[in-house]
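Under the working numbering, the sequence shown has 74 at position 90, and the numbering climbs by one with no breaks.
Beta carbons are placed, not taken as given, at the ideal position from N, Cα and C, and that holds for glycine.
Single-structure report; data block below.
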Amino acid sequence: MKGLLKSFVYAGSGIITCIRQERNMRVHLVCMIYMYSYLLIYDFFEVSRTQFAIIFIANAIVVMGELFNTAIEAVVDMAEEKFSEKYNRLAKISKDTAAGAVLVGAIFAVCTGIAILAQPDAFRAMFAYYAEKPYMIAVLIASLVLSFTFIFTGFNFKKKDK
-15 MKGLLKSFVY
-5 AGSGIITCIR
5 QERNMRVHLV
15 CMIYMYSYLL
25 IYDFFEVSRT
35 QFAIIFIANA
45 IVVMGELFNT
55 AIEAVVDMAE
65 EKFSEKYNRL
75 AKISKDTAAG
85 AVLVGAIFAV
95 CTGIAILAQP
105 DAFRAMFAYY
115 AEKPYMIAVL
125 IASLVLSFTF
135 IFTGFNFKKK
145 DK
């Protein structure tokens, strides 16, 4: 049982490391938070359980892709330090291919979102909501400022050693 708990702790540590180190992972997370907020909290969109599951799977593919990409980049960087310059071409192929996999997953997620969430009535309801409650525009703007701060700094304001 102790080993199982440790494996979850290690997995969580890997996820947190990816969030801290990878700006694109933070971009994906912020987009997901806004999307799930509009789906679950505000309830503007009509989405079936099946559609919700498809969206969730698409998001999981993107997050998994970022995690795999980060792991591959770390291993390649470690190998590059150990081996000669001769391996640089192979390292580039590894990193570019892993990044390409993330891009394919992200495009899939965006297309899935468009296919399911292209609901003009939902967007009209959203705009009406903000028109009726203008103070919520300030809340939205504040959340966007926090989101951009998170994306571009990871809330890590310490100077990085180089």
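Inset, instruction - Taking the CB atoms as reference points, tell me whether residue 79 and residue 56 lie closer together than 9 Å. - result: yes
Inset, instruction - For residue 7, I'd like the list of residues in its chain whose CB is within less than 8 Å of its CB, leaving aside the five on either flank, ordered along the chain. - result: 135, 136 and 138
Legend entry - CB of residue 13 within 9 Å of CB of residue 3, strictly: yes
Legend entry - With 16 other Cβ atoms within 10 Å as the buried cut-off, status of residue 116: Flag for residue 116 reads exposed.
Legend entry - Under 9 Å between C-beta atoms of residue 85 and residue 53: Cβ atoms of residue 85 and residue 53: closer than 9 Å.
Inset, instruction - Just the C-alpha distance for residue 76 and residue 16, rounded to the nearest angstrom, thanks. - result: 29 Å
Inset, instruction - Give me the Cα-Cα distance between residue 72 and residue 140, rounded to the nearest whole angstrom. - result: Per the coordinates, the alpha-carbon of residue 72 lies some 30 Å from the alpha-carbon of residue 140.
Inset, instruction - In angstroms with no decimal places, state the Cα-to-Cα distance between residue 146 and residue 5. - result: Low local confidence applies: a pLDDT of 45 at residue 146 is under 50, so the model's placement there is unreliable, with the coordinate-based value given in what follows. Cα-Cα distance, rounded: 14 Å.
Legend entry - Local conformation of residue 103 per DSSP, three classes: coil
Legend entry - the region 22 to 41 contacting the region 95 to 110, beta-carbon criterion three pairs below 8 Å: yes
Inset, instruction - State the CB to CB distance for the pair residue 19 and residue 97, rounded to an integer number of angstroms; the pair is presumed to be in contact (CB under 8 Å). - result: 7 Å
Inset, instruction - Take residue 32 as the anchor and find which of 101, 132 and 90 has the nearest alpha-carbon. - result: Ranked by Cα distance from residue 32, the first of 101, 132 and 90 is 101.
Legend entry - Status (buried if at least 16 other CB within 10 Å, exposed otherwise) for residue 42: buried
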